[in-house]
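**Student:** Structure in C-alpha cells, see below.
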Amino acid sequence: MTDRSGKGTLLALLAVVSFSFSFPGTAWALDGFGPWTSTGLRGALAGMLAAVSLAAVRAPLPRRADWPGLCVVVLGCVLGFPLLTSLALNTSSTSHSAVVIGVLPLATAVFSRSRTGRSQPRAFWLASLAGAVLIIGFALSQNHGLPTTGDLFLVAAVLVCGAGYAEGGRLSAHMPGWRVIGWALVASLPCMLLVSVFALAREPSQPSAKAVAGLAYITLISQFGGFVLWYRGMALAGVARASQLQLAQPLMTLLWSAALLGERVAPVAPVVATLVLACIAVTQRVGRRSAGASAARGRTMPLENVRG
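Each residue of the sequence shown is one higher than the last, beginning at 1 in UniProt numbering.
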C-alpha cells in the first residue's frame, strides 16, 4: 500500500509540474490564436493523437457504465476548463488566474467524496480549506477585494474541472489512466473539429512561433500527456490526497509567469507559498495515515469503485 501510494504521489506531482506550465502555454497560444480557436485546436489535435494511440494498442471500448463518467471528463477537462481559462486569460494576468485556480484541489476532493463515498479525516479537510482560503485571499487582495469577470470564468472552470478530475480518477481505478483521457478526447473529437473550423473562420489568427509553441505544449502535455500521469497518480494515491498536490501548482505557475512572461509577482506571494506548502504537507501526512488505517481494515485499493 505504501509503495503504491508513494508511486501515485510521485506521478501526481510530476503531472502538477507539467500542468503548471499550462497557463503560460495558453497565454503564448493566445498571442496568435483566439480563445475558441486555441480550445478547438488543442482538443482536436490531442484527440487525433489519442485515437492513434488507442488504435495502436487495440484498446477495447470502455464499458457502457463508464461512458457517463467519460462525458463528465469531456465537459470538464477537454472542453470546459480549456475554454473558460482561455476566456479568463483575455482579461486577467496569467499569475492572477493561476492563483484563483488554486481552489481546484478542494473542489476535486469534494466531488470525489460525493462520487466515491470515501471519507477523509477532519484534519485533511481543514488543511485543504485553509489552503483554498489563503489562495482566494491572495487573489482578492490583488483586485482590491473585488472579483473580476475573469475570476467568474475561473470559478466556473474550477467547478467543471473538479468534476472532471474526480470522475477521471474514479474511472482510473479500473481503467488505465491514459485510456481514460484518451477515450474522452476521442469522444470529443467531432465537437472539437467543428469548433476549430468555425473559430478559425471567425477569430483572427496570427500563428507566430511563440503561439505555435504554446499551442503545441497545451496540446501534447496539458491536454494529453499530463493527464496520463495525473489519472494514474490518482488511481494509486487516491483522488482526494493526490488532488491536494495541486495546491502547489499556482505557486509554480507564478514563477513561470515571471520567468517566461515577465509578469510581476506580488511581494506577499512567497509568504502565501510557504503557508500553502504547509497545508499540502498536512494533507499528505493525514492522507498517508488514513490510507494505512484503510489497509488495516482490509482494503486493497486507495480509490474505491462505485458500483454501476
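All residues carry an ideal CB built from backbone N, CA and C; glycine is no exception.
On a CA-only basis, which of V73, R64, L89, S243 is nearest P24? Give me that one, please.
**Tutor:** The residue labelled residue 24 in the question sits at position 24 within the sequence shown. When each option's Cα is compared against that of P24, the closest is L89.
**Student:** What is the residue span of the alpha helix (DSSP H) that residue 355 lies within?
**Tutor:** A question about residue 355 goes unanswered here, because the residues of the chain that appear run from 1 up to 308.
**Student:** Closest by CA to A211, which one among V17, A273, R42?
**Tutor:** Against the sequence shown, residue 211 aligns to sequence position 211. Ranking V17, A273, R42 by Cα distance to A211 puts R42 first.
**Student:** Roughly how many angstroms lie between the CA atoms of L14 and L236, to the nearest whole one?
**Tutor:** Sequence index remark: in the sequence shown, residue 14 carries index 14 (1-based). Sequence index remark: in the sequence shown, residue 236 carries index 236 (1-based). Straight-line Cα distance between these residues: approximately 14 angstroms.
**Student:** Measuring CA to CA, which of T148, L129, Y165, T149 is closest to G76?
**Tutor:** In the sequence shown, residue 76 corresponds to position 76, counting from 1. Of the listed residues, the one whose Cα sits closest to G76 is Y165.
**Student:** Taking Cβ positions, are P82 and T37 nearer each other than 8 angstroms?
**Tutor:** In the sequence shown, counting from the first residue as 1, residue 82 sits at position 82. In the sequence shown, counting from the first residue as 1, residue 37 sits at position 37. No, these two residues do not count as a Cβ contact at 8 angstroms.
**Student:** Can you tell which of A59, G6, S243, E263 has the C-alpha that lies nearest to the C-alpha of G182?
**Tutor:** Taking the sequence shown and counting its residues from 1, one reaches residue 182 at position 182. Among A59, G6, S243, E263, the Cα nearest to that of G182 is on A59.
**Student:** Can you tell me whether DSSP reads V306 as helix, strand or coil?
**Tutor:** Counting from 1 along the sequence shown, the entry for residue 306 is found at position 306. Because V306 sits at a pLDDT of 39, beneath the cut-off of 50, its placement in the model cannot be relied upon, and the point is left open.
**Student:** Buried or exposed: which applies to T94, given that a residue is buried once 16 or more other Cβ atoms fall within 10 Å of its Cβ?
**Tutor:** By 1-based counting over the sequence shown, the position of residue 94 is 94. With 16 or more other Cβ atoms within 10 Å, it is buried.
**Student:** Nearest-angstrom Cα distance between R170 and P68?
**Tutor:** As a first step, residue 170 must be located in the sequence shown, where it is residue number 170. As a first step, residue 68 must be located in the sequence shown, where it is residue number 68. The alpha-carbon atoms of R170 and P68 are separated by roughly 12 angstroms.
**Student:** Just verifying my parser: in three-state terms, what is the DSSP assignment at M175?
**Tutor:** For this step, residue 175 is matched to residue 175 along the sequence shown. Looking at M175 - three-state DSSP - the assignment turns out to be coil, as it is neither helix nor strand.
**Student:** My output table needs one value for L61: the three-state DSSP class, helix, strand or coil.
**Tutor:** In the sequence shown, counting from the first residue as 1, residue 61 sits at position 61. The answer is coil: DSSP assigns L61 none of H, G, I, E or B.
**Student:** Under 8 angstroms, do A269 and L254 count as touching if we go by C-beta distance?
**Tutor:** What you label residue 269 is simply residue 269 of the sequence shown in a count that begins at 1. What you label residue 254 is simply residue 254 of the sequence shown in a count that begins at 1. Result yes, Cβ atoms of A269 and L254 sit closer than 8 angstroms.
**Student:** Taking DSSP as the reference, what is the three-state secondary structure of D3?
**Tutor:** For the purposes of this step, residue 3 is taken as the residue at position 3 of the sequence shown. Note: D3 maps to helix in three-state DSSP.
**Student:** For R63, I'd like the list of residues in its chain whose CB is within less than 7 angstroms of its CB, leaving aside the five on either flank, ordered along the chain.
**Tutor:** Taking the first residue of the sequence shown as position 1, residue 63 is located at position 63. Hits under 7 angstroms: none found.
**Student:** Does DSSP put G102 in a helix, in a strand, or in coil?
**Tutor:** In the sequence shown, residue 102 corresponds to position 102, counting from 1. In the structure shown, G102 sits in a helix (DSSP, three-state: H, G or I).
**Student:** Tell me which residues share the same chain as T283 and place their Cβ nearer than 7 angstroms to its Cβ, disregarding the 5 neighbours each side in the sequence.
**Tutor:** Counted from its first residue, the sequence shown places residue 283 at position 283. Here the set comprises F124, A127, S128, R241, Q244.
**Student:** Pop quiz: V186 and L54 are said to be a contact at Cβ under 8 angstroms. What is the actual Cβ separation, rounded to whole angstroms?
**Tutor:** Start at 1 with the first residue of the sequence shown, and residue 186 comes out as number 186. Start at 1 with the first residue of the sequence shown, and residue 54 comes out as number 54. The pair is a contact, with the Cβ atoms about 7 angstroms apart (cut-off 8 angstroms).
**Student:** Just list the alpha helix (DSSP H) runs in the UniProt domain "EamA" (7-128), keeping only unbroken ones of 4 residues or longer that don't cross its boundaries, in chain order.
**Tutor:** Here the runs fully enclosed are 22-30, 35-56, 67-73, 81-89, 94-100, 104-116.
**Student:** Helix, strand or coil: how does DSSP classify P207 here?
**Tutor:** Indexing the sequence shown from 1 puts residue 207 at position 207. Of the three classes helix, strand and coil, the one that applies to P207 here is coil, per DSSP.
**Student:** Reducing DSSP to helix, strand and coil, say where V268 ends up.
**Tutor:** To locate residue 268, count along the sequence shown from 1; it is residue 268. Of the three classes helix, strand and coil, the one that applies to V268 here is coil, per DSSP.
**Student:** What's the call for S20, buried or exposed, on a 16-neighbour Cβ count within 10 Å?
**Tutor:** As a working mapping, residue 20 is identified with position 20 in the sequence shown. S20 should be labelled buried.
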